[in-house]
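**Q** Using our numbering, you'd call the opening residue of the sequence shown number 10 and step up by one each time.
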Amino acid sequence: MSFDKLISRIIETGNPTVVGLDPKLAYVPDFLKKHYLDEDGESLKAASRALFRFNQGIIDAICDIVPAIKPQAAYYEMYGHHGIKTLERTIRYAHLKGMYVITDGKRNDIGATMEAYASAHLGSCMVGENECIPFGSDALTVNGYLGTDGIKPLLDVCEGTDKGIFVLVKTSNKSSGELQDRLIDGTPVYAIMGDMCEEWGKDTIGKYGYSSVGAVVGATYPEQLTELRKRLPHTFFLVPGYGAQGGGAAGLTGAFDENGIGAIVNSSRAVMCAYMNEGCDPRDFAAAARREVLRMKEDITSHIKIK
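Here it is in structure tokens:
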């Protein structure tokens, strides 16, 4: 009931990064799209099949050097039930390749509704006497602004497993400070939310010293990264905003502890669109993605040493 599984993979690969698989059809090379469009027409089914093949190629290319993927649910939901099937298939394929999966869903509700989200993304549901696993992700991003009522159902599902959650604390977007930087009795809202993560996770500390309740803290705010790492010693960080959103490797150092762990850094578009950025043959898209994750690993680990 912690992030031990994820941290073990980070140490094994020497790579504290996660690839966000947030595919748009425009990112998929034309030769892949054509195959499925020819078979199924200009349909949601064709788009979803092309997205899965694209994801599969990237996963095959990076699974030995990157510990985790992070599919953003919205990019699959936009294609209806075919897209949802692609999300499920992507999660299962990544698991077959030994990767940890964080579903970026930012779910937020209370009571039975949050229990349903928890069962869908992290747990299981009963169909008669048969226990079924809908998606089977290892972790889920959540919005904590409904308070404990929206978090406890998730912790109940995580109990006894290696499943975890990442709570939005200090997000990477430009307007995050409109609310998150507001002061309550002199303390920023993001720091209060971080303190709540520490409280929610206090009974789930794993062997590396981190609980099953993580925090989303953006690379675009390096000062807050450093501040929150000191303030939240048992809270593992998911760090978006590296690369495309302007967060640099040098500013990430404050997210990590003295052993070089404590955070995992996300990159999405730079990996998926690496073949476009390189100007290489689109049929080389997976190899280009591999080259980009190796570049990212070298960039980050030149500042952070995992012990």
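Beta carbons are placed, not taken as given, at the ideal position from N, Cα and C, and that holds for glycine.
Buried or exposed, going by whether 16 or more other CB atoms sit within 10 Å of the CB of I193?
**A** exposed
**Q** Can you give me the Cβ contacts of C72 inside the same chain, cut-off strictly under 7 Å, excluding the 5 residues immediately before and after it?
**A** K106, G107 and M108
**Q** Do the CB positions of A224 and T244 come within less than 7 Å of each other?
**A** A contact, by the Cβ cut-off of 7 Å.
**Q** With distances taken Cα to Cα, identify the nearest neighbour of Y45 among T170, D31 and F63.
**A** F63
**Q** Please determine if the segment 169-189 and the segment 211-225 are in contact, where contact requires at least 3 C-beta pairs separated by less than 8 Å.
**A** With the cut-off at 8 Å, the segment 169-189 and the segment 211-225 touch.
**Q** Comparing C-alpha positions only, which one of R116, I313 and L96 sits nearest to P162?
**A** Comparing Cα-Cα distances from P162 to each of R116, I313 and L96, the minimum goes to R116.
**Q** Measuring straight from C-alpha to C-alpha, what distance separates L303 and N139?
**A** 42 Å
**Q** For I214 versus I16, is the C-beta distance shorter than 7 Å?
**A** no
**Q** Per DSSP, F175 is paired with what?
**A** T150 and G223
**Q** Which first and last residues belong to the beta strand (DSSP E) in which C206 is found?
**A** Element bounds for C206: not the beta strand (DSSP E) but the alpha helix (DSSP H), V198 to W209.
**Q** If you compare alpha carbons, which of N268, A297, E267 and G137 is closest to M281?
**A** A297
**Q** Measure the alpha-carbon distance for A258 versus I313 and round it to whole angstroms.
**A** When the Cα atoms are used, A258 and I313 turn out to be separated by approximately 9 Å.
**Q** Spatial neighbours of A125 within its chain, please: C-beta separation below 6 Å, excluding the five flanking residues on both sides.
**A** none
**Q** Taking the continuous alpha helix (DSSP H) assigned at S17, which residues delimit it?
**A** S17 -> alpha helix (DSSP H) spans D13 to T22.
**Q** Alpha carbons only, please: which of L30, T170 and I315 is nearest the one belonging to F61?
**A** L30
**Q** First and last residue of the beta strand (DSSP E) that includes L247?
**A** F246 to V248
**Q** For the 8 Å Cβ check, are there 3 or more pairs between the segment 143-163 and the segment 84-103?
**A** The segment 143-163 vs the segment 84-103: in contact.
**Q** Specify the secondary structure class of I100 as computed by DSSP and reduced to three states.
**A** helix
**Q** Relative to the alpha-carbon of A318, which residue among V27, A83, L34 and R191 has its alpha-carbon at the smallest distance?
**A** Because residue 318 is not part of the residues shown, which for the chain are 10 to 316, the question remains open.
**Q** Applying the criterion that 16 or more other CB atoms from any shown protein chain within 10 Å of the CB defines a buried residue, is L237 buried or exposed?
**A** buried
**Q** What residue range does the beta strand (DSSP E) around I273 cover?
**A** A272 to S276
**Q** Give me the Cβ distance between K79 and N275, rounded to the nearest whole Å; I'm assuming they're in contact under 8 Å.
**A** 6 Å
**Q** Give me the Cβ distance between I273 and G23, rounded to the nearest whole Å; I'm assuming they're in contact under 8 Å.
**A** Their Cβ separation, rounded to whole angstroms, is 13 Å, which puts I273 and G23 out of contact at 8 Å.
**Q** So the alpha helix (DSSP H) D49 belongs to, where does it begin and stop?
**A** From DSSP, the alpha helix (DSSP H) with D49 extends over D39 to D49.
**Q** Taking all protein chains shown into account, do 16 or more other C-beta atoms lie within 10 angstroms of the C-beta of M135, making it buried, or fewer, making it exposed?
**A** It is exposed - the Cβ of M135 has fewer than 16 other Cβ atoms within 10 Å.
**Q** T26 by DSSP, collapsed to three states: which one?
**A** strand
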